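Here this note's numbering runs 222 ahead of the position in the sequence shown, where the first position is 1. Here is the structure we will look at, set down as structure tokens.
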Amino acid sequence: MDRNGQRWNKSHRMQMKAFVCLLGFLLLVILLAGKFFLLLLHRGDGEEVPQPSPTPYIPVVETYRNVWIMEADEEGLLVFRDGASRRYPWGTGEDGGQAAYDPALREQVADIVLTDGRVTSAEAKTEKINGKVLSADEGSVEVEGYGRLPLAADCRGYRLYDTLEMCTVRDLHFGYSDADLCLEEGEVCGILMVREPVMEYIRVLLKNSDYQGIFHEKAAVTCDTDFSVIYGGHDDIRRESHAAGDALYFDSDSDYFVSDRIRIVPEVLTGKVSLESCSRSQGTPAYRGAIELLKTEDGIVVVNEVLLEEYLYSVVPSEMPSGYPPEALKTQAVCARTYAYGRMEHAAYPQYGAHLDDSTSYQVYNNILEQESTTTAVKNTYGQILLTGDGRLAETFYYSTSCGVGSDANVWKTQSAPTLTYLKAKPLNRTAMTAAVAAMNGSGVAPSDSLGEELREEEAFAAFIRTTNPDDFEREENWYRWSYQVEEIDAEHMLERLQRSYQANDRLVLTWEEGEYVSQPVESLSDITDIYIEKRGSGGVADELVIEAGGQKIKVISEHYIRSVLNDGASKVVLQNGSEVAGMNLLPSGFFTIMTSIKNGNVVGYNLYGGGFGHGVGMSQNGARDMAESGYSAMEILLYFYENCSVENIY
């Protein structure tokens, strides 16, 4: 039918069939023409045109330098890198065959190449040296007999004893030869800490006269026995003998400085070297062990290498009066040894090869002559150190006198402070000690530590510090209670203290800006309108001090900086017996309340009422004395102050 609904006749139908056939034929022609055209595209001059090549396969190649090969077998390598172990199978070498298995690769520092995750090359670093490590910095290691060796930029270190771990040059033990150094083209490419040393010797940097600095313009030495001067390059060591009493003088131009280091060694173990060019409170100091002189651009650095136990002979009397009871002196010996051993593991002066110095920055050493009582305490605790519950060295902080309670390590605002859970704000009274010792012996319950938390509240602490408790061990100590009155504030002095504190730690001196405290320099100080403790730490120690001055609002954080800022440098501390102490650089402690004097709306002065001497963390030395006088043993005293710790022997 057509579009008008009429049926087509036979002629019309024939025409339609012819049209459909023609249309099909034309379609077939078009298809054939297209195929022919495509065929022409693939041919030229009778030759087949190459089809486009597929994207070539690119293998993934990785190179790892100075890794530690834990195991090598026919299957592949077990490799320790970046703190984790990984196994890699052998791959195809450059010659097309499987990479060669070499059992000598086992326990070696090596460079390896991985192709698609398989080992195609492994080259061990077989040149190694071993010697006494004298010093190190970020760019080199000084080894006795080899001199100073540069560190390769991609140097890697591995601690092989105990648990396999990564290490760095800062983990080397100075004065010991417990590490092999792998060399490549004269550079240290690998550090292998092979064994944990039993460290008997400590290396102490001796500051110059009156502890003014670490550099000496000259060094004058003599010895009470015959002695030797050892000097020269590592390939030309010279030894010069001298008689007892001979005096030698060294400066930076001395002929003895053929190399950077000179060593003065007594011929007998009991000999002492006197450093005539240096002064201490005892006069001219004399040192057991050997003295090393290191030439630097800034002057001579003097290092005393001495047995740890003999070092303590001079530390304990400098840190605790020798007349204290034997059990108290033993606690000090254990604390001092633990502290020193920790610095022996992680040196404070790696660039000079010294573990610590002899000043109050670490432990005072040889400022007071050795005493029989303190030497006996060291001998009676030979090798004893304090370990935490998980076997780590305890941080054996100590201070002079408590106010009847201590604090915790959070007073210093360090990252590690919250982890030192064995240091708590303990009450230092007889009732608490009796209960604690009973608990240690399994016959009682440990006393509550709630007092430290209760004293965070201002009213509770004010009531505590303004009364005395006859049960407190240190009730009769002069520093147990004290007062400090500033009649007229020296604003310039306070501003200077604020600025110095900010320079020392800009996180702990903050200024109120636009609704929050921010770190920014304190440029000036307006008339002060208020001073108050905004926050107290455990045990009631001042933790945050706020100074309001006109439109300013300054917050000082941590007991140390608060003690500095509120000390005007002129006022005297009045002890509980009425005696006065002047010239202190810090307030005696951070355990105090503050009352301000107001005139015309401004603070013109303030009164502090406080107690204790020192930071309040760890062991109170006078508390230990009073505990010892009450019959408690050194072990009981230590385990009271350092909760859940144990005393072990390092040797």
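Where a beta carbon is used, it is the ideal one built from N, C-alpha and C, also for glycine. Model, not experiment: these values are computed from the prediction.
Contacts around residue i, its chain only, beta-carbon distance under 6 Å, and the 5 residues preceding and following it disregarded
i	result
Asn829	Gln707, Met817
Leu260	Here Leu260 scores only 49 on pLDDT, less than 50, and its place in the model should not be relied on; the value that follows carries that caveat. Cβ neighbours of Leu260 beyond the five flanking positions: none.
Arg703	Gln798, Gly833
Asp712	Asp790
Ala921	Nothing can be reported for residue 921: it is not among the residues displayed for the chain, which extend from 223 to 873.
Ala550	Ala846, Arg847, Ala850
Residue burial classification, residue i (beta-carbon count within 10 angstroms, cutoff 16)
i	result
Glu532	buried
Tyr383	exposed
Ile280	exposed
Ala661	exposed
Thr385	exposed
Lys821	exposed
Val335	buried
Thr815	buried
Ala326	exposed
Tyr644	buried
Pro276	exposed
Pro278	exposed
Tyr604	exposed
Gly227	Interpretation of Gly227 is limited by its pLDDT of 49, a score under 50 that renders its predicted location unreliable; the figure taken from the coordinates is listed afterwards. By the neighbour-count rule (16 or more Cβ atoms within 10 Å), Gly227 is not buried but exposed.
Counterpart residues of residue i in DSSP-defined beta bridges
i	result
Gly412	Arg378, Cys404
Met817	Asn829
Ser629	Val839
Leu608	Val869
Cys445	Val495
Ser357	Glu364
Gln637	For Gln637, which the question treats as bridged, DSSP gives no partner whatsoever.
Lys440	Asp473
Phe479	In DSSP, Phe479 forms no bridge with anything.
Met388	Tyr380
Thr623	Phe835
Tyr739	Trp734
Gly369	Val365
Leu299	Ala294, Tyr310
Leu578	Val426
Endpoints, the alpha helix (DSSP H) within which residue i is located
i	result
Ala846	843-851
Glu858	856-863
Ala685	680-687
His715	713-726
Arg729	Looking at the DSSP string, Arg729 is not in any alpha helix (DSSP H), and its letter there is neither H nor E.
Glu770	Here Glu770 belongs to no alpha helix (DSSP H); instead the beta strand (DSSP E) covers 764-771.
Ala658	652-662
Val600	594-602
Val674	This sequence places Gly at residue 674; Val is not what is there. Start and end: 672-676.
First and last residue of the uninterrupted beta strand (DSSP E) at residue i
i	result
Lys517	512-518
Asn700	Unbroken run through Asn700: none, as it is neither H nor E.
Cys557	Unbroken run through Cys557 is the alpha helix (DSSP H), 548-567; no beta strand (DSSP E).
Ser307	306-311
Val352	It is worth fixing the name first, because residue 352 is Asn in this sequence and not Val. Its beta strand (DSSP E) spans residues 350-352.
Lys757	750-758
Ile280	Segment: none, Ile280 is in no beta strand (DSSP E) and carries neither H nor E.
Lys775	774-779
Ser343	340-346
Tyr535	Per DSSP, Tyr535 belongs to no beta strand (DSSP E); it is in the alpha helix (DSSP H), 530-541.
Arg461	460-464
Leu427	423-428
Thr337	330-337
Leu797	795-797
Residues of its chain near residue i, where Cβ-Cβ distance is below 7 Å and the 5 sequence neighbours each way are ignored
i	result
Ser536	Tyr587, Asn588, Glu592
Gly353	Val365, Glu366, Gly367, Tyr368, Ser399
Glu676	Ala682
Tyr478	Val451, Tyr453, Phe472, Ile484
Tyr574	Ser357, Leu427, Leu516, Val523, Val525
Ala512	Arg485, Ile486, Val487, Glu527
Pro669	Ala654, Ala657, Ala658
Asp359	Pro572, Gln573
Asp693	Asn651, Arg652, Thr653
Neighbourhood of residue i by C-beta distance below 8 Å, restricted to the same chain and skipping five residues each side
i	result
Pro372	Gly361, Ser362, Gly408, Glu409, Val410
Gln721	Pro743, Val744
C-beta neighbour in chain B for residue i, strict 8 Å
i	result
Leu534	Although the question refers to chain B, the structure presented lacks it and comprises just one protein chain.
Residue i: CB within 7 Å of a non-hydrogen atom of the ligand GTP
i	result
Val556	Here there are no bound small molecules, and the ligand GTP is not part of this structure.
Exercise. Is the stretch 665-679 close to the stretch 785-793, with three or more CB pairs under 8 Å?
Worked result: Not touching, per the Cβ criterion.
Exercise. So does the stretch 567-586 actually touch the stretch 796-809, counting three or more Cβ pairs closer than 8 Å?
Worked result: No: the two stretches stay apart, fewer than three of their Cβ pairs being nearer than 8 Å.
Exercise. Taking one C-beta from the stretch 618-627 and one from the stretch 838-847 each time, how about it: are there three or more such pairs within less than 8 Å?
Worked result: Between the stretch 618-627 and the stretch 838-847 there are three or more inter-stretch CB-CB distances shorter than 8 Å, so the stretches are counted as touching.
Exercise. When the Cβ atoms of the stretch 758-766 are set against those of the stretch 630-641, are three or more pairs found closer than 8 Å?
Worked result: Between the stretch 758-766 and the stretch 630-641 there are three or more inter-stretch CB-CB distances shorter than 8 Å, so the stretches are counted as touching.
Exercise. Would you call the stretch 851-862 and the stretch 782-789 touching, i.e. three or more CB-CB distances under 8 Å?
Worked result: At 8 Å Cβ cutoff, the stretches do not touch.
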